[in-house]
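Note sheet for the following structure.
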Amino acid sequence: MPTALADTLESVELADGVQIHLRVAGPAARSVAWLIDVLIFVAVIFIVSLAINLLSDLLIGEQVGQGLLLLAMFLLNWFYNVFFEMSGKAATPGQRHMGLKVVSVSGGPVRLPQSMIRNILRVVDFMPGAYLFGLTCCLCTSRFQRLGDLVADTVVVYVDKPQHEKAAMKVNADPLPPPLPLNREEQAAMLQFLERSPRWSDARKMELSDVLEPLTKRRGMGGLLDTVRMALWLQAGGGGRGR
Amino acid sequence: MTPKQFENDHSPTWQRLEGMIEQVEKGKPVPNVDELPTLFRQICHDLSLAQHRMFGRVLVERLNALAISGFRVLERRSSGGWERLWQMMMQDFPRAVRAESRLFWFCSVVFWLPFLAFVIITPFDPQWTMSMLGTEGMMSMEGMYGEGTNPREFMREEYGSDFGMFAFYIWNNVSINLRTFAGGLLGGVGSLVILLFNGAHIGAATAYVNHACNPQTFYCFVVGHGAPELLGIVISGTAGMRLGLSLVKPGSYDRKTALVLGGRKAMTLITGAALMTAFAAILEGFWSATPMEPWIKYTFGACMWAATICYLVFCGRERHEA
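Quick mapping for you: the protein sequence lines, in order, are chains A and B.
Heads up: the first sequence at position 212 corresponds to 276 in the numbering used here, and the numbers run straight through without jumps.
Heads up: the second sequence at position 167 corresponds to 273 in the numbering used here, and the numbers run straight through without jumps.
Rendered as structure tokens:
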């Protein structure tokens, strides 16, 4: 098992040598998106059958109408998701509502064969009922992939950037640049420490900042102060000393 | 250099790329679009720099989002449309079937063994067949192929018209194909169970018609579309087994990579199989039920079997492959 992470960002290295970070969506948001899609699905079936009923009375005859309905059921059942995933937004209406979309693990857009595989294999994810296999698989993989995603090499990610809360408490300390470059996870951990620390006791804060002894070279109150100063430096956007 | 300076110096470039991406995604013709790769590489460079110098979340996230959408635009490919589909059906699919010939024969055995078992055993002991079909199954078989009836009248009663029948076969048969394929993800077990069951069911139906109905009507009906339909389901099973085997026996890859690679191969197989079955549904809906002299039906059926087998064996063959 990977160690616990500070966030759900998935880092991908592009061919251009740069790392991008995809924010992977978990089962909760995806379930809501799925529910919305089911509602739309039922509504579409209802409207199509109404329209066919009307048409068959007027134009095409009942028998042809019956056939059209079966064809519509077939297409919707297997290709509803494929159709929307191949559109510009790469998301079904439900996913779009939740701010999600489907992309390749490489960070590139999802392609037609991938989309078809992940949606045909939905049958297996649904087994033995209520997406139990899919959910189990989501929770066991680091990128929240269901079985269909694993085979198609896709992930469901958030479209827009997360909103960051500013620290509620003002801390009076001078920003201090860290002695060495911190990677993104480490920066995130520092910033979250700054945001949450007002709710903890001093003993707890120091217990945590002592972990950073290799960075601050100090323990106890001094180490805590340096940690807070570095976090402030990061929060201000690094580089300069405050803005 | 402070982050502010960095932002001021470079944001014109970022804004140009942002604007360009927006235009390209709308599908409009964009002036100077050939600069896009250069701009994208510049953004990648800026992002790396900002990450390394820890220029704060806001800036890094903006560049990250820009790099992602730039990558998406650059990586966008059209799926190739009808031309690609044609190439797939005329080359890739028959080649893929030949490449998996061992799996194909294995699936054929799994499908045809229960079929033959039912056909052979029924003249001696019809109980098995009857319990397999059930009362309703037997009644509909008699309705279709009994003395003095024919499939067309029966199916017309059920599904209204030739078009209705065609739609029913698409909905039913192609869905079975796709499910057979999906079942393969359970280590191949799902595909095998569906193949076995369908072989047994079709075998029981054939045996029951031989036993209690008018075989002539039955064979006239099924001979035309049998080849693409039955081979279609066997190839769906092959696709499922390909997927299942990559999971069970990943070979020199790790399981996940093996699944992705196996999935790609299986996708060609299942697409072809589904199209074959859809073709069979057209025949079944519009040709098989039309009343005609038996010899015409049999000749057509023989041609279809020969054509389907030739298609799978010879189509898209390269010289060195022989």
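Just so you know, even glycine gets a beta-carbon here, dropped at the ideal spot from N, CA and C.
My guess is that residue i and residue j are in contact by the Cβ rule of under 8 Å, so how many angstroms apart are they, rounded?
i	j	result
ASN316/B	THR383/B	Not really, about 25 Å apart at Cβ, beyond 8 Å.
VAL166/B	ALA156/B	5 Å
LEU255/A	ALA295/A	6 Å
VAL366/B	VAL76/A	VAL366/B to VAL76/A, Cβ: 15 Å. No contact.
GLU242/B	ASN279/B	That belief does not hold up - the Cβ atoms of GLU242/B and ASN279/B are roughly 19 Å apart, past 8 Å.
VAL88/A	VAL221/A	6 Å
THR218/A	ARG182/A	6 Å
ALA313/B	VAL216/B	Actually they do not touch by this definition, with Cβ atoms about 18 Å apart.
GLY309/B	PHE385/B	With a Cβ gap of about 23 Å, GLY309/B and PHE385/B do not count as contacting.
ALA237/A	VAL292/A	6 Å
SER214/B	VAL340/B	5 Å
LEU164/A	ARG207/A	Not quite, the Cβ-Cβ distance comes to about 14 Å (not below 8 Å), so this is no contact.
By the DSSP assignment, the beta strand (DSSP E) with residue i in it spans what residues?
i	result
LYS269/A	Here LYS269/A belongs to no beta strand (DSSP E); instead the alpha helix (DSSP H) covers 266 to 274.
LYS165/A	164 to 168
ARG94/A	Where ARG94/A is concerned, there is no enclosing beta strand (DSSP E), although the alpha helix (DSSP H) it sits in stretches over 91 to 119.
THR205/A	Here THR205/A belongs to no beta strand (DSSP E), and DSSP marks it neither H nor E.
SER75/A	73 to 77
TYR359/B	Premise fails: TYR359/B is in no beta strand (DSSP E) and is neither H nor E.
ARG87/A	83 to 87
VAL220/A	218 to 222
Using 10 angstroms around the beta-carbon of residue i, count the other beta-carbons present and answer buried if the total reaches 16, otherwise exposed.
i	result
HIS85/A	buried
GLN233/B	exposed
TRP192/B	exposed
ALA194/A	exposed
GLU229/A	Reliability of the predicted coordinates at GLU229/A is poor, the pLDDT of 48 falling under 50, and no value is obtained from them.
MET196/B	exposed
TYR359/B	exposed
GLN178/A	buried
GLN322/B	exposed
GLU149/A	buried
ALA428/B	With a pLDDT of only 48 at ALA428/B, under 50, the local geometry of the prediction cannot be trusted, and no value is derived from it.
TRP188/B	exposed
GLN299/A	buried
THR414/B	buried
PRO173/A	buried
THR363/B	exposed
CYS319/B	buried
TRP264/A	exposed
VAL108/A	exposed
ALA412/B	exposed
ALA232/A	With a pLDDT of 49 at ALA232/A, under the threshold of 50, the modelled position of that residue is not reliable, and the figure given next carries that caveat. When all chains shown are included, ALA232/A counts as exposed.
GLN121/B	exposed
ASN114/B	exposed
GLN111/B	exposed
VAL139/B	exposed
MET285/A	exposed
ASN117/A	exposed
VAL128/A	buried
PRO192/A	exposed
HIS331/B	buried
Between which two residues does the alpha helix (DSSP H) holding residue i run?
i	result
THR197/B	In the sequence as presented, Thr is not what sits at residue 197/B; that position holds Gln. No alpha helix (DSSP H) contains GLN197/B, which DSSP labels as neither H nor E.
VAL188/A	186 to 190
VAL215/B	207 to 227
MET244/B	233 to 251
LEU296/A	284 to 299
GLU250/A	248 to 260
PHE146/B	142 to 158
VAL354/B	321 to 354
ASP238/A	It is not in any alpha helix (DSSP H) - ASP238/A carries neither H nor E in the DSSP assignment.
ARG285/B	281 to 289
ARG175/A	Segment: none, ARG175/A is in no alpha helix (DSSP H) and carries neither H nor E.
Indicate whether the contact test is met: 3 or more Cβ pairs, each with one atom in the segment 297 to 304 of chain B and one in the segment 340 to 354 of chain B, closer than 8 Å.
yes
If the cut-off is 9 Å on Cβ atoms, which residues from the segment 244 to 277 of chain A count as contacting chain B, listed in chain order?
PRO245, LEU246, ASN247, ARG248, GLN251, ALA252, LEU255
Under 8 Å (Cβ pairs) to chain A, residues found in the segment 284 to 302 of chain B
LEU284, ARG285, PHE287, ALA288, GLY289, LEU291, LEU292, GLY296
Closer than 7 Å, Cβ to any Cβ of chain A: which residues of the segment 302 to 321 of chain B, in chain order?
none
Between the segment 268 to 286 of chain A and the segment 115 to 125 of chain B, do three or more beta carbon pairs fall short of 8 Å?
no
With 7 Å as the limit, tell me which residues of the segment 95 to 118 of chain A have their beta carbon closer than that to any beta carbon of chain B; keep them in chain order.
none
Proximal residues, the segment 131 to 152 of chain B versus chain A, C-beta separation under 8 Å:
GLU131, PHE146, ARG147, CYS150, HIS151
Could you name the residues of the segment 139 to 170 of chain A whose beta carbon sits closer than 7 Å to any beta carbon of chain B, in the order they occur along the chain?
TRP142, GLY152
Taking 8 Å as the threshold, find out whether the segment 272 to 289 of chain B comes into contact with the segment 133 to 142 of chain A through three or more Cβ pairs.
yes
Which residues, in chain order, does the segment 72 to 83 of chain A contribute to contact with chain B at a C-beta distance below 8 Å?
LEU78, ASP80, GLY81, VAL82, GLN83
Between the segment 221 to 252 of chain B and chain A, which residues of the former have a C-beta closer than 7 Å to a C-beta of the latter?
none
Hey, is the segment 172 to 181 of chain B in contact with the segment 396 to 408 of chain B, meaning 3+ C-beta pairs nearer than 8 Å?
no
Quick test of the definition: if touching needs 3 or more C-beta pairs under 8 Å, does the segment 387 to 396 of chain B touch the segment 198 to 215 of chain B?
no
Which residues, in chain order, does the segment 170 to 185 of chain B contribute to contact with chain A at a C-beta distance below 8 Å?
ASN170, ALA171, ALA173, ILE174, PHE177, ARG178, GLU181, ARG182, ARG183, SER185
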